[in-house]
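For reference, the structure discussed in these notes is given below.
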Amino acid sequence: MIEKTCGPVLKQLTDVLTKQVNNELREEGLTMSQMRVLVILDEKQNKTASMKDIEKELAVAQPTTAGIIRRIEEKGLIIYLSAPENKRAKWIQLTEAGKEKCRIAYSHMEATEKKLLSGMTEEEGKQFLELLKKALVAIRK
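The numbers in the sequence shown follow this note's numbering, run straight up by one, and end at 207.
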């Protein structure tokens with residue numbers, strides 16, 4: 067029976083989270099996808115990553131990644147760097163403005179996660195996250 071499967075519930079959860087986060091980030095001029103790129107860069111050493119690394123972490127096609135990155139660059143939140151060993155390779159680095167947007171994005175992420183987990187105990191929240199990670203690993207096999 068469809069009500070007892072995980073897929074539709076996960077899809078609804080993803081849709082609701084994406085809509086809420088996009089609504090919150092709209093005032094910052096960002097989308098959830100753009101925020102994810104900023105967070106990926108913020109978590110990297112030197113706040114820098116290759117286009118390929120970002121593409122892998124987003125798990126989307128190269129043209130999609132390029133479009134997201136282009137829009138973030140237009141906002142002055144990232145810059146392109148050339149790799150010393152390969153001038154054709156594109157590296158992306160957060161600007162100071164990008165770092166500031168990251169700080170704002172983190173506060174939105176924390177508020178959304180708090181709301182998401184509000185109906186759970188702390189232990190249930192930890193278990194929920196671990197189960198989601200296990201499901202992600204299993205589905206990628």
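The beta carbon of each residue, even a glycine, is placed where N, CA and C say it ideally should be.
Selected residue, minimal CA-CA separation from residue i, among the options
i    : options                : result
M175 : V126, T84, C72, L160   : T84
R154 : N89, S116, V82         : S116
E179 : E140, E166, L195, P129 : L195
N88  : M101, K77, L76         : M101
E166 : Y146, K70, G142, S184  : G142
Any non-hydrogen atom of the ligand ZN closer than 7 Å to residue i Cβ
i    : result
V203 : Ligands displayed in this structure: none; no statement on the ligand ZN is therefore possible.
Rounded straight-line distance, which links the Cα of residue j to that of residue i
i    : j    : result
A125 : V105 : 15 Å
P150 : K156 : 10 Å
Residue range of the beta strand (DSSP E) that includes residue i
i    : result
A115 : 114-116
S148 : 144-149
Beta-carbon contacts of residue i that lie in its chain and below 6 Å, excluding the five residues immediately before and after
i    : result
K113 : L107, Q159, L160
S99  : I134
Residue range of the unbroken alpha helix (DSSP H) whose run includes residue i
i    : result
K77  : 72-92
Q100 : 98-108
A127 : That residue, A127, is in no alpha helix (DSSP H); it is neither H nor E in DSSP.
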